[in-house]
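Protein sequences appear in the order of chains A and B.
Heads up: take any position in the first sequence, counting from 1, add 346, and you land on the numbering used here.
Heads up: take any position in the second sequence, counting from 1, add 346, and you land on the numbering used here.
Note that the Cβ used here is the ideal one computed from N, Cα and C, for glycine as well.
There are 2 protein chains.
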Amino acid sequence: MTLPHPTADQISLSNVLAVLGDPTRLAIVRYLASKEGVPLNCSQFLDLGSKTNLSYHLAKLREAGVTRTEVVGTSRLITLRRDDLNARFPGLLDSVVAAAVDDPALPAVGASEIEVRA
Amino acid sequence: MTLPHPTADQISLSNVLAVLGDPTRLAIVRYLASKEGVPLNCSQFLDLGSKTNLSYHLAKLREAGVTRTEVVGTSRLITLRRDDLNARFPGLLDSVVAAAVDDPALPAVGASEIEVRA
DNA sequence: TCCTTAGTTCAAAAGTTATTGAACAATTGT
DNA sequence: ACAATTGTTCAATAACTTTTGAACTAAGGA
Numbered sequence: 347m348t349l350p351h352p353t354a355d356q357i358s359l360s361n362v363l364a365v366l367g368d369p370t371r372l373a374i375v376r377y378l379a380s381k382e383g384v385p386l387n388c389s390q391f392l393d394l395g396s397k398t399n400l401s402y403h404l405a406k407l408r409e410a411g412v413t414r415t416e417v418v419g420t421s422r423l424i425t426l427r428r429d430d431l432n433a434r435f436p437g438l439l440d441s442v443v444a445a446a447v448d449d450p451a452l453p454a455v456g457a458s459e460i461e462v463r464a
Numbered sequence: 347m348t349l350p351h352p353t354a355d356q357i358s359l360s361n362v363l364a365v366l367g368d369p370t371r372l373a374i375v376r377y378l379a380s381k382e383g384v385p386l387n388c389s390q391f392l393d394l395g396s397k398t399n400l401s402y403h404l405a406k407l408r409e410a411g412v413t414r415t416e417v418v419g420t421s422r423l424i425t426l427r428r429d430d431l432n433a434r435f436p437g438l439l440d441s442v443v444a445a446a447v448d449d450p451a452l453p454a455v456g457a458s459e460i461e462v463r464a
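Listed below in structure tokens is the structure:
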């Protein structure tokens, strides 16, 4: 079971920009970037919308080549395609993520988290 | 006569990305970047669509803070807001333009130009 | 003044994207 | 085998965006 992903050279600039031009998806990408290395499943993003709606947005990100989705059991592990994006559009992802990090207009993931203290 | 523009701090990341995520507008921005310094009027872009349609796309770019439009007589002189975009989203415009420059999928401005020879 | 050039506005139509809920599928734990 | 968990698909709808043409405005030149 593998989901369809574009190859690196099939990734389209205007499509990537269009896909990132949605606050929900930009929030997903920002969160993925903040947890890079840690593969996340879809339910991490439930703060941002309904299950169905996230399925839709995550599919858009995958189809545009922004994320990679691995099927592991009943979960989908989602990661940023940083290397491919960087090869194709050098510096783009970094500048988008850097700008997104301090964007108060974006919805937050994990807003409803239980604070873990020392 | 001045047209409404957002101030630098009113420029929204997701809006800029959404606006750039349209091939016609990305082609406009690529051309503006290639002619930086030279202020261009709307009719330079007629290769990309009808007068009415360009009016619409150029308004989107202006309202998002990507371009500045100056009214000079019966013309509108359009320039990239490079400084404001760079201040707000460092590196973003550069990486987008660099990627757009070698994007064969984007429509070309000036495709129907008369070749000027030595 | 009248005509042309440059561009806008408006309303309609066409097309696209986002959101929803109900039903489904597949895996995992008991 | 059954129930719970994780996520998808489908069809409907709502909400937006793009494109168009006709009518318009404003400046500039003859």
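Could you check what DSSP says for T398(A) in three-state terms: helix, strand or coil? helix
If we cut at 8 Å on Cβ distances, does F391(A) have a partner in chain B? no
Below-8 Å beta-carbon distance, G411(A) vs any chain B residue: no
For R371(A), three-class secondary structure by DSSP: Look at R371(A) here: in three-state DSSP terms it is helix.
Reducing DSSP to helix, strand and coil, say where V417(A) ends up. strand
Looking only at C-alpha atoms, which of N399(A), R428(A), A445(A), A410(A) sits nearest to G383(A)? R428(A)
Could you give the first and the last residue of the continuous alpha helix (DSSP H) run that contains S360(B)? 359 to 366
Roughly how many angstroms lie between the CA atoms of V418(B) and G367(B), to the nearest whole one? 29 Å
Nearest residue (CA-CA) to Y402(A), options S358(A), T370(A), D449(A): The option with the nearest alpha carbon to Y402(A) is T370(A).
State the Cα-Cα distance for the pair L438(B) and T420(A), rounded to the nearest angstrom. Roughly 37 Å between the two C-alpha positions.
Would you kindly work out how many angstroms separate the C-alpha atoms of T353(A) and N387(B), rounded to a whole number? Their Cα atoms are separated by approximately 38 Å.
Nearest by alpha-carbon distance to M347(A): which of Y377(A), T415(A), A444(A), P453(A) is it? T415(A)
Determine the burial state of D355(B): buried for a count of at least 16 other Cβ atoms within 10 Å of its Cβ, exposed for fewer. exposed
Note down, in chain order, every chain A residue with its Cβ under 8 Å from the Cβ of V455(B). Going along chain A, no residue has its Cβ under 8 Å from V455(B), so there is no contact; the nearest lies around 15 Å.
Does DSSP classify L392(B) as helix, strand or coil? helix
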